[in-house]
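Beneath this line is the structure, given in structure tokens, with notes to follow.
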Amino acid sequence: MYKSLIYRAFILFLPLFIHQNGFACTNFLVTKGATTDGSTLISYSADSHVLYGELYHWPAASYPEGAMLKVYDWDSGKYLGEIKQARQTYNVIGNMNEYQVSIGETTYGGLDELRDKTAIMDYGSLMYIALQRSKSARQAIQVITSLMSEYGYYSSGESFSISDKNEVWIMEMISKGTHEKGAVWVARMIPDGYVSGHANQARIMTFPQKIKDGGISHDQLDKWYDPKVNTIYAKDVISFARAHGFFSGKDEDFSFSDVYNPLDFGGARFCEARVWTVFRQMTDGMDQYLDYAEGKNLTNRMPLWIKPNKKLSVKDLMQFMRDHYHGTPLDMTGDVISGPFQKPYRWGPLTFTVDGEKYCHNRPVATQQTGFSFVSQSRSWLPDPIGGILWFGIDDAGTTVYNPVFCSTYEVPQGYSRGYGSQLEFREDAAFWVFNQVANLAYTRYNLIAPVIIEKQQELENKYLVTADVMTEAALKLYQTDLKLAVDFVNNYSYSELQRTLDSWRKLYGFLFAKFFDGNVKKTDGYRLLNNGYSDHIPPRPDQPGYGEASYRQLINTTGDQLKVLE
Numbered sequence: 015m016y017k018s019l020i021y022r023a024f025i026l027f028l029p030l031f032i033h034q035n036g037f038a039c040t041n042f043l044v045t046k047g048a049t050t051d052g053s054t055l056i057s058y059s060a061d062s063h064v065l066y067g068e069l070y071h072w073p074a075a076s077y078p079e080g081a082m083l084k085v086y087d088w089d090s091g092k093y094l095g096e097i098k099q100a101r102q103t104y105n106v107i108g109n110m111n112e113y114q115v116s117i118g119e120t121t122y123g124g125l126d127e128l129r130d131k132t133a134i135m136d137y138g139s140l141m142y143i144a145l146q147r148s149k150s151a152r153q154a155i156q157v158i159t160s161l162m163s164e165y166g167y168y169s170s171g172e173s174f175s176i177s178d179k180n181e182v183w184i185m186e187m188i189s190k191g192t193h194e195k196g197a198v199w200v201a202r203m204i205p206d207g208y209v210s211g212h213a214n215q216a217r218i219m220t221f222p223q224k225i226k227d228g229g230i231s232h233d234q235l236d237k238w239y240d241p242k243v244n245t246i247y248a249k250d251v252i253s254f255a256r257a258h259g260f261f262s263g264k265d266e267d268f269s270f271s272d273v274y275n276p277l278d279f280g281g282a283r284f285c286e287a288r289v290w291t292v293f294r295q296m297t298d299g300m301d302q303y304l305d306y307a308e309g310k311n312l313t314n315r316m317p318l319w320i321k322p323n324k325k326l327s328v329k330d331l332m333q334f335m336r337d338h339y340h341g342t343p344l345d346m347t348g349d350v351i352s353g354p355f356q357k358p359y360r361w362g363p364l365t366f367t368v369d370g371e372k373y374c375h376n377r378p379v380a381t382q383q384t385g386f387s388f389v390s391q392s393r394s395w396l397p398d399p400i401g402g403i404l405w406f407g408i409d410d411a412g413t414t415v416y417n418p419v420f421c422s423t424y425e426v427p428q429g430y431s432r433g434y435g436s437q438l439e440f441r442e443d444a445a446f447w448v449f450n451q452v453a454n455l456a457y458t459r460y461n462l463i464a465p466v467i468i469e470k471q472q473e474l475e476n477k478y479l480v481t482a483d484v485m486t487e488a489a490l491k492l493y494q495t496d497l498k499l500a501v502d503f504v505n506n507y508s509y510s511e512l513q514r515t516l517d518s519w520r521k522l523y524g525f526l527f528a529k530f531f532d533g534n535v536k537k538t539d540g541y542r543l544l545n546n547g548y549s550d551h552i553p554p555r556p557d558q559p560g561y562g563e564a565s566y567r568q569l570i571n572t573t574g575d576q577l578k579v580l581e
């Protein structure tokens with residue numbers, strides 16, 4: 015079925031390559047019928063050891079006929095070439111545009127042969143250019159596929175989450191390599207009332223190929239906006255695989271995932287396990303896929319989408335993005351590396367060797383190398399400029415704050431703005447560095463410091479969830495008489511709350527550092543450090559919680575009487 019053992023050998027280790035080079039993201043997709051308020055939701059963590067977390071912004075603009083747009087690879091910054099600029103582009107804030115269209119992604123790699131180093135369109139550029147040119151999810155898919163066809167696809171295999179205020183789609187693609195220009199791909203609409211997810215492993219297997227089943231090929235674009243159409247695919251997605259020896263079965267048995275990104279231990283354990291751990295919190299029966307998530311039974315594949323037991327909220331998606339496998343056999347908080355402070359994180363590399371045997375860490379949804387993450391919320395019952403909210407956070411989802419950013423926002427505080435600092439330039443007031451300071455302090459004594467951070471995190475987010483609704487109602491009244499005034503209103507709100515969070519986190523870092531330095535824990539009243547009752551500058555004797563009985567017992571088991579206190 016596959017071309018050669020060489021390609022299969024590469025595929026076997028590709029998930030390790032993807033993770034250790036930073037391309038390890040997680041997405042969940044929620045349809046209108048599966049949410050508490052009827053909005054569509056997408057969650058996305060942009061995970062990379064070299065990505066600098068910023069809040070991107072492209073203003074709406076008009077361009078003259080013949081204008082060109084320079085394209086740079088999102089991951090490396092390498093210049094790839096020029097493409098034709100659209101005559102009109104739309105306002106984009108982060109990964110959402112003014113028409114409530116949102117796009118997220120995860121990289122799965124796929125067959126190494128299918129890379130085109132001469133192409134112009136990388137996956138990051140496809141996302142952000144499509145957002146600048148699309149008023150719906152279907153139009154975004156059309157923009158993406160047209161750009162790949164005209165300019166080629168530069169990146170490796172990719173899964174996209176694409177939503178608007180009515181529909182949610184999962185799209186998977188891979189380049190045709192040097193064989194032909196462009197890419198092969200499949201896009202499927204998530205059925206209303208259902209939830210999907212992806213995490214660096216292609217998940218679309220077989221799909222409807224006939225119009226009577228809701229599937230059309232790309233040469234049938236005249237039917238593309240028929241609401242009964244729920245699947246669209248490159249017309250040569252199967253024939254290309256046949257021509258190059260990747261597939262030889264019947265058309266109806268063709269599985270995009272199995273052909274272009276065959277599953278292996280890493281694809282299940284490091285990637286699909288993240289989807290599994292959240293799916294199991296949404297619906298019953300997911301523990302039947304534990305052996306699959308552990309990489310032990312690759313034939314026991316999970317469904318592409320599930321129906322949740324209860325409808326989900328923005329808050330639910332935020333919490334899912336903070337998952338660390340707690341309550342599952344993949345929980346990492348009880349082993350020797352977690353230590354006395356129960357840290358649910360592991361530093362790279364993902365795999366290691368002991369006595370000639372290869373072992374691995376687990377890879378949770380929430381991870382230290384996240385540049386930024388978001389939950390997009392698109393609300394069909396509201397006008398577009400005030401209907402979309404990007405709940406945006408910098409750095410590790412476990413310790414960040416998701417801020418409400420309306421989709422028509424056109425100003426970003428300096429601390430979040432693009433180019434303000436970088437991975438090579440520390441700025442003490444840049445959001446990326448502020449949130450990393452707080453998170454990295456938590457990693458030193460997680461079970462003591464993280465609860466304080468999470469308390470503040472929840473306090474702010476709970477407030478924002480209420481005020482965002484209040485601001486929406488106020489903006490709606492303004493919108494009915496003055497569009498510009500309504501947009502200015504939600505812009506100012508988004509700006510002020512982003513700045514409020516950044517200021518709060520800078521203060522929180524100072525508080526945490528003073529409370530927990532030198533292994534001590536000072537006494538506090540809320541977020542105020544207490545004095546000793548005699549001097550405003552001297553604290554009471556701090557607590558020294560030590561390491562806990564389990565760690566002390568492990569220490570004595572390895573040192574015997576060496577540390578024993580003698581009478």
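Numbered according to the working numbering, the sequence shown spans residues 15 to 581. The C-beta atom is built at its ideal place from N, Cα and C for all residues, glycine as well.
Requested in this report: Quick one: grab the DSSP three-state call for Cys285.
Outcome: helix
Report task. Sort Trp72, Met110 and Pro73 by Cα distance to Phe406 and report the nearest one. Result -> Met110
Query raised in the report: Relative to the alpha-carbon of Arg202, which residue among Thr220, Asn214, Gly191 and Ile188 has its alpha-carbon at the smallest distance?
Result: Thr220
Query - Neighbourhood of Phe366 by C-beta distance below 7 Å, restricted to the same chain and skipping five residues each side - result: Tyr373
Query raised in the report: Taking all protein chains shown into account, do 16 or more other C-beta atoms lie within 10 angstroms of the C-beta of Asp409, making it buried, or fewer, making it exposed?
Result: buried
Requested in this report: Could you give the DSSP three-state label for Lys84: helix, strand or coil?
Outcome: strand
Query raised in the report: Roughly how many whole angstroms lie between the Cα atoms of Glu186 and Asp178?
Result: 18 Å
Query raised in the report: How would you call Phe446, buried or exposed, if buried means at least 16 neighbouring beta carbons within 10 angstroms?
Result: buried
Query - Buried versus exposed call for Ala257 [16 or more other C-beta atoms within 10 Å across all chains shown] - result: exposed
Query raised in the report: If we count the other Cβ atoms within 10 Å of its Cβ and call it buried at 16 or more, is Asn311 buried or exposed?
Result: exposed
Query raised in the report: With DSSP run on the structure shown, which of helix, strand or coil describes Val466?
Result: helix
Requested in this report: Helix, strand or coil for Arg542, going by three-state DSSP, please let me know.
Outcome: strand
Query raised in the report: How would you label Val368, buried or exposed, when you count the other beta carbons within 10 angstroms and need 16 or more for buried?
Result: exposed
Query - Sheet register partners of Thr121 (DSSP bridge) - result: Glu172
Query - Proximity below 7 Å, CB of Ala453 to CB of Ile463 - result: no
Query raised in the report: What is the DSSP secondary structure of Gly574, reduced to helix, strand or coil?
Result: coil
Query raised in the report: For Val200 versus Tyr247, is the C-beta distance shorter than 7 Å?
Result: yes
**Report entry** Cβ pair count under 8 Å reaching 3, the region 411-425 against the region 500-517
**Finding:** yes
Requested in this report: Compute the distance between the beta-carbons of Phe420 and Ser508, then report whether it is under 7 Å.
Outcome: yes
Query raised in the report: Hey, quick one: how far does the alpha helix (DSSP H) through Val64 stretch, first residue to last?
Result: From DSSP, Val64 is part of no alpha helix (DSSP H); its letter is neither H nor E.
Query - Own chain, CB closer than 8 Å to Lys190, minus 5 neighbours either side, in chain order - result: Leu128, Asp130, Tyr167, Gly196, Ala197, Val198 and Phe254
Query - Member of Leu497, Ala287, Asn275 and Thr413 whose CA lies at the smallest distance from the CA of Asp126 - result: Asn275
**Report entry** Start and end residues, beta strand (DSSP E) containing Glu96
**Finding:** Tyr93 to Lys98
Report task. For Asp349, write down the residues that DSSP places opposite it in a beta bridge. Result -> Paired residues: none, contrary to the question.
Requested in this report: Leaving out five residues on either side along the sequence, give the residues of the same chain with a beta carbon under 6 Å from the beta carbon of Ser390.
Outcome: Ile56, Met110, Ser116 and Leu404
Query raised in the report: Quick one, are the C-beta atoms of Asp206 and Lys46 less than 7 Å apart?
Result: yes
Query raised in the report: Given a threshold of 16 other Cβ atoms within 10 Å of its Cβ, counted over all protein chains shown, does Pro378 qualify as buried or as exposed?
Result: buried
Report task. Would you kindly report the start and end of the unbroken beta strand (DSSP E) that includes Val379? Result -> Element bounds for Val379: n/a, residue is neither H nor E.
Query - Within-7 Å CB hit, Val448 to chain C - result: Absent from the structure: chain C. Only one protein chain is present.
Query raised in the report: Name the DSSP beta bridge partners of Gly211, please?
Result: Phe42
Query raised in the report: Which residue from Phe530, Lys578, Asn571 and Ile230 puts its Cα closest to that of Gln558?
Result: Phe530
Query raised in the report: Between the C-alpha atoms of Tyr77 and Thr103, what's the straight-line distance to the nearest angstrom?
Result: 8 Å
Requested in this report: Quick one: grab the DSSP three-state call for Tyr70.
Outcome: coil
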